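Per the working numbering, the very first residue in the sequence shown carries number 14; after that it's consecutive.
A virtual CB, placed ideally from N, CA and C, is assigned to each residue, including glycine.
Remember, it's a predicted structure, so these values are computed and weren't measured experimentally.
Below is one structure; the comments refer to it alone.
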Amino acid sequence: MVTLDDLITPREFVELRINHLINDERIEYLGSHAVLTVLVNNKFNASHVPALIVGDGCKDKLDWIVENYDGILRPMGFNGSHVSQIVIGAGWKDKLDWIVENYDGILRPMGFKPTHVARIVHGRDWKDKLCWVEKYSGESSYTPLQIVILMLKKNWKQIVGY
């Protein structure tokens, strides 16, 4: 049987407690069999845990992952690192919904990999970034990696003419 120790070492657990990233309620939920099994079986690790449990809606994030990771994101090539980058902050559900609906039809044919997508949707302006990619990246001479690098800059809109 999978245990919480399979996901988080005692030292990592103490760090999460000291930094107030995890409380008893979240520990209990994270340690529930269904959640823990999906995370451990899919090689999520302690570095991914803070993104999954911080903020409001932690149970909703974990439930979404339990219900959808194996059947949707993993077949697309997304791993724990990608998911943890995507679900940080507000709008995590909208980001995941967009990816589920559009990755295979729009981004993958353009050569975008899950790692590119995770970096594009991390942070602000993710909707604008995806809108630009969808509308204009096929017309540009940028590669997916170059687009990601540009979109990490504060002035990405000026650079790409958005």
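Anticipated Cβ contact below 8 Å, residue i with residue j, distance rounded
i           : j           : result
residue 147 : residue 119 : 6 Å
residue 145 : residue 175 : 5 Å
residue 155 : residue 163 : 7 Å
residue 53  : residue 27  : Rounded, the Cβ-Cβ distance is 20 Å, inconsistent with contact.
Helix, strand or coil at residue i according to DSSP, with G and I counted as helix
i           : result
residue 21  : coil
residue 87  : helix
residue 100 : coil
residue 123 : helix
residue 164 : helix
residue 54  : helix
residue 135 : coil
residue 61  : coil
residue 109 : helix
residue 45  : coil
Buried/exposed call for residue i, threshold 16 Cβ in 10 Å
i           : result
residue 165 : exposed
residue 74  : buried
residue 108 : buried
residue 61  : buried
residue 127 : buried
Beta carbon of residue i nearer than 8 Å to that of residue j
i           : j           : result
residue 85  : residue 96  : no
residue 56  : residue 90  : no
residue 66  : residue 35  : yes
residue 98  : residue 131 : yes
residue 133 : residue 161 : yes
residue 129 : residue 88  : no
residue 71  : residue 39  : yes
residue 104 : residue 123 : no
Residue of the options minimising C-alpha distance to residue i
i           : options              : result
residue 76  : 156, 46, 36 and 98   : 46
residue 20  : 48, 37 and 30        : 48
residue 135 : 16, 122, 18 and 64   : 64
residue 50  : 126, 18 and 105      : 18
residue 82  : 110, 126 and 69      : 110
residue 138 : 149, 32, 168 and 114 : 168
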